Amino acid sequence: MSTSDLEHLPISQQYEQSENNGSNHSANPTLGDVIAARLSRRDLMKGLLGVSAITATVSPLALMAASEARAQGGNTTPSFNFKEVVAGSDENHYVAEGYDADVLIRWGDKVAADAPAFDPTKQTADAQAGQFGYNNDYLGYIPLNGRSDHGLLVVNHEYTNEELMFPGLGRQDRDAKFAGMTKDLADIEIMAHGGSVLEVKREAGKWKVVDGSKYARRITASTEMRVSGPAAGHDKMKTKADPTGTKVLGMLNNCAGATTPWGTWLTCEENFNGYFWSKKAGEEGPDAKALKRYGAPGEWFNWGTYYDRFDYAKEPNEVNRFGWVVEIDPMDPNSVPVKRTSMGRFKHEGAANVINSDGRFVVYQGDDERFDYVYKFVTEGKVDTANPAANKDILDKGTLYAARYNADGTGEWLPLVHGQGKLTAENGFANQGDVVIFARLAADLHGATKMDRPEDVEANKKTGKVYVALTNNSRRKVGEEDAANPRADNRFGHIIEMIPEGGDHASTRFNWEMLVKCGDPSVASVGATFNPATSKDGWFGMPDQIAIDAEGRLWIGTDGMNLKVTGRTDGLYAVETEGPARATSKLFFRCPVGAELCGPETTPDLETFFVAVQHPGDEAGATFEKPATRWPDFKDDMPPRPSIVAITRKGGGKIAV
Ligand code: FEO
Ligand code: CA
Ligand code: CA
Ligand code: CA
């Protein structure tokens, strides 16, 4: 397969397909995609074969429910009341009938009171530092005074697409070898990363960002942060600029996250490896083994050619200072973000959490890489719900675990604690700092289960069940399947349901079940297991974001549906988890072409669903001049802009009730 074929993959897909061995863009999905496209076309013509294969894998109860639902006029999802969107692809977004989906804020819009208006032909780092960043991902709504119509929206800005942001540039990281990049452009990218704090208000039914809010804040890849927990002050965290190993500039590639019951925002560094330079220096340096396990330095960005700290040869420990969960107090715009190292260093997807029955705080986390692990962290201390300030440093002490899924439907949480098991000095772990900095290597030694790219993990606070989105893994070979990752060449992913032993989220034991194997159920070779009541529009692949709403209902956002194969864009799906309708899915919101559905977050009153439309227009070969869509502005001189959309019911009322 030639490099030019790879180049035609949209940047988001190449990005998601990156390897954990440091050669991130050497993924070779193109050949597979071509085969898959052929297979699916061919298999579609054999639809009958597909149906018989499905009936063999679905329970008789589910089949009965499906035929009953059809007989009753088609309400296949008793927990969700809305008319499904038709799946497909074009330049626009679509929401279920009877709902409004209004753009709230776009890349470049003003966040700081003094930020200039967005002009894509006159971008500067200074302007971007006060404007809404690129590629909005996680969204968290924090009510002000308990209100559902007035609160803070905290937003991650995961990464930048230089070919869509800047005129006349094109892709820089492959054949171009960054020839078109300049320090000025890199500085804009640095400011377009990080996060935003927005004050939002609903007036006369419509949401708006409060102009000049005292909470308004941009956090960037150069904002000063503090390091706390077992890695703080560790030798591997010390640099020339920070000999104490406790102060870091910025956060990188913040994907998903969570809010906490004490009002803070947990924002998770995912593919931090891509920001470091150079592959060659990493391979030749003393840290080669650990770097390789983390895929660093990845050379996805050339910041290391302008800034020593991103150049491994000049500053070998800087890379250890990224890949953490960062806690931010959004109520205080001057608060210093804290990297909570107790929760380990890996490609954190999210940090969904729950207060356990005994008061301890439990954070569930996925490490989004092929064959990587599901983790959880259990605090030592108990959450003080009456006094939010008392929980300020609760995340610094506790136990990190990695998950093992047994074939009999049981599972275990394996503690990553220095001195226990193989985590000893002889094996390279001299203290807990080593364990958290090299958490992947520690989990390797404990025999955690290699998963098909763990994305979001969320606990349903009503039922106590925990959901894990495994997005896909086309590199799992025949013979490498296991009970929890049962498909070789897993192109469409699956969702696992975990049930903590005795409802105790701190327990080291759990049971688990497959909720659904994703993909087109009409194509037998895919092996999808949606409830047969699911319509042709309702099935999905590549589960990524999970939201569980105030009614305890499951929503899934998808990433990388692969237009070529499926003919449909990413979207937000309502998924039944209980009773005969379990594993029935229905499409609620559909993204414009090229975009991923991120950040689904409801207000507590369930009247609003905020979603983040990430990398719109990012299809194969797309550039600033030739994007796949100019959503949401649709102006010839305006590139596509990642934006937040607020979904509300026309005339008011709860979503899908
Ligand atoms: Fe940033 Fe794993 O999605
Ligand atoms: Ca993403
Ligand atoms: Ca994600
Ligand atoms: Ca993803």
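For any residue, its number in my numbering is found by taking its place in the sequence shown, counting from 1, and adding 460. The beta-carbon is built from N, C-alpha and C at its ideal position, and this holds for glycine as well. Note that this is a predicted model, so its numbers are computed, not measured.
- Assignment of alpha helix (DSSP H) within the stretch 880 to 951, counting only whole runs of 4 or more residues, yields 892 to 897 and 899 to 906 in chain order.
- Nearest C-alpha to residue 545 among 799, 1083, 1080 and 999: 999.
- For residue 618, the shortest separation between its Cβ and any heavy atom of ligand 1 lies below 7 angstroms.
- Taken atom to atom, the span from the alpha-carbon of residue 554 to that of residue 869 is near 39 angstroms.
- By alpha-carbon distance to residue 1108, the top candidate from 662, 879 and 568 is 662.
- For residue 857, the closest alpha carbon among the candidates 1111, 801 and 848 is that of 801.
- The secondary-structure analysis by DSSP pairs residue 1069 across a beta bridge with 1062 and 1107.
- Counting along the chain, residue 588 sits inside the alpha helix (DSSP H) bounded by residues 585 to 590.
- DSSP places residue 661 in the uninterrupted beta strand (DSSP E) bounded by 654 to 663.
- Ranked by Cα distance from residue 727, the first of 656, 738, 744 and 674 is 656.
- Contact annotation: the stretch 585 to 601 touches the stretch 1055 to 1074, with at least three C-beta pairs closer than 8 angstroms.
- In this chain, residue 726 is not harboured by any alpha helix (DSSP H); it is covered by the beta strand (DSSP E) spanning 725 to 729.
- Secondary structure of residue 844 (DSSP, three-state): coil.
- In the structure shown, residue 764 adopts helical secondary structure according to DSSP, grouped into three states.
- Residue 1042 carries a coil assignment under DSSP once its states are collapsed to helix, strand and coil.
- Each of 967, 927, 908 and 907 was checked against the Cα of residue 916, and the nearest Cα belongs to 927.
- When only Cα atoms are considered, residue 1104 and residue 603 end up about 18 angstroms apart.
- Under DSSP, the beta-bridge partners assigned to residue 1008 are 1014.
- The distance from the Cβ of residue 1035 to that of residue 1016 is about 6 angstroms, consistent with a contact at the 8 angstroms cut-off.
- With contacts defined by Cβ atoms closer than 8 angstroms, residue 970 and residue 955 do not form a contacting pair.
- For residue 1079, the secondary structure class from DSSP, reduced to helix, strand or coil, is coil.
- Remark: the C-beta of residue 644 is outside contact range of ligand 4, defined as less than 7 angstroms to any heavy atom.
- Taking C-beta atoms under 8 angstroms as the contact rule, residue 773 and residue 741 qualify, at a distance of about 4 angstroms.
- Distance from the C-beta of residue 1019 to the nearest heavy atom of ligand 4 is below 7 angstroms.
- By alpha-carbon distance to residue 586, the top candidate from 1088, 647 and 560 is 647.
- Residue pairing by DSSP places residue 861 opposite 836 and 875 in a beta bridge.
- The beta carbon of residue 1004 sits closer than 7 angstroms to at least one heavy atom of ligand 4.
- Minimum Cα-Cα distance from residue 995 among the listed residues 866, 1047, 1032 and 706 corresponds to 1047.
- Residue burial is scored here from C-beta neighbours: residue 952 has at least 16 other C-beta atoms within 10 angstroms and is therefore classed as buried.
- Residue 825 has 835 as its beta-bridge partners, per DSSP.
- DSSP links residue 1092 through a beta bridge to no other residue.
- Per DSSP, reduced to three states, the secondary structure at residue 644 is helical.
- Membership of residue 745 in any beta strand (DSSP E) is not indicated, and neither H nor E is assigned to it by DSSP.
- Taking all protein chains shown into account, residue 934 has 16 or more neighbouring C-beta atoms within 10 Å of its C-beta and is therefore buried.
- With 16 or more other Cβ atoms inside 10 Å of its own Cβ, residue 786 counts as buried.
- The beta carbon of residue 538 sits closer than 6 angstroms to the beta carbons of 1041 from its chain, once the five residues preceding and following it are set aside; these are given in chain order.
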